[in-house]
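Here the working numbering is used: the first residue of the sequence shown is -10, the next is one more, and so on. Backbone N, C-alpha and C define an ideal beta-carbon position, used for all residues, glycine too. Structure record follows, encoded as structure tokens.
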Amino acid sequence: MHLYLSTPSPLNATFTNEDGQVMYKVDTPMAVGTRTSTISCVVPNDIPQQQSDSSAAEESMKDRFAHLAQVEHNVVGSSVLRFGGKEILTKEYFRKEGWGAYGRHRVFTASDGREYKWLLQTFTPKLIVNDESKGVVAKFHRRNLGIIGKPRPRSLEIFPAGEHMVQEILVTFVYVEKIRKDRENAAR
-10 MHLYLSTPSP
0 LNATFTNEDG
10 QVMYKVDTPM
20 AVGTRTSTIS
30 CVVPNDIPQQ
40 QSDSSAAEES
50 MKDRFAHLAQ
60 VEHNVVGSSV
70 LRFGGKEILT
80 KEYFRKEGWG
90 AYGRHRVFTA
100 SDGREYKWLL
110 QTFTPKLIVN
120 DESKGVVAKF
130 HRRNLGIIGK
140 PRPRSLEIFP
150 AGEHMVQEIL
160 VTFVYVEKIR
170 KDRENAAR
């Protein structure tokens, strides 16, 4: 499955499915120092009430969102994840392992009890199972205009091995992509 991004930055984007339906949105206001990414998921609309007011009818057609998670990106000290009713420091949730082009890879244990590793690669992060299989679970694709190769929009591709944990993948992706992008910008 692919979640297509509406903007170049995963920190301020809507994520739509293959049918164009908005599934998630991430909002990270600009701030000096600590920035907080708020991640929301779409909730199904109830059956619209029959009303004659056209503005009420328009309102019933808008996507409604529920709070999913927050990532507090701290400049000094550990960042904070708020997800699934828990608040945890990223230094406790993730451990650093190995090296990538933009820092150390991040390993975490998901709700399914398995370990996964975000690889901080040169252009895009990739999530793998942290075992001997190294099976790919998710991968971020930058937009390709088609000058070389087939054109494609930017997306977070989630492979069948990760479809049971889409929300965990999205929340951890927002965290690691912020780290990777900050280091990419610093290297310029």
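Look up residue i in the DSSP assignment and say whether it is helix, strand or coil.
i, result
"F148", "coil"
"M19", "coil"
"T(-4)", "coil"
"K85", "strand"
"E104", "strand"
"K170", "helix"
"K75", "strand"
Excluding the 5 residues flanking residue i on each side, which residues of the same chain have their C-beta closer than 8 Å to its C-beta?
i, result
"T25", "T17, P18, Q59, V60, E61, H62"
"E166", "P(-1), L0, P114, F129"
"R172", "Y91, G92, L109"
"E104", "V96, F97, T98, V118, N119, D120"
Quick one: is residue i near chain C, going by C-beta distance under 8 Å?
i, result
"F4", "The displayed structure is made up of one protein chain only, and chain C is not part of it."
Since residue i sits in a beta bridge, which residues does DSSP pair it with?
i, result
"P114", "L109"
"V65", "Per DSSP, none; premise fails for V65."
"Y13", "F4, C30"
"A176", "DSSP output for A176 lists no bridge partner at all."
"Q156", "Partner(s): none; Q156 has no beta bridge."
"G138", "G138 is not bridged to any residue."
"A55", "C30"
To which residues of the same chain is residue i closer than 7 Å at the C-beta, ignoring the five residues directly before and after it?
i, result
"V155", "I147"
"S67", "L78, T79, K80"
Beta carbon of residue i: closer than 7 Å to some heavy atom of the ligand COA?
i, result
"G124", "For the structure depicted, the ligand COA is absent and the ligand set is empty, with no information on it obtainable."
Determine whether the beta carbon atoms of residue i and residue j lie at a separation below 8 Å.
i, j, result
"M12", "L(-6)", "no"
"H94", "L108", "yes"
"I158", "V126", "yes"
"R141", "P(-3)", "no"
"V69", "L57", "no"
"A55", "V32", "yes"
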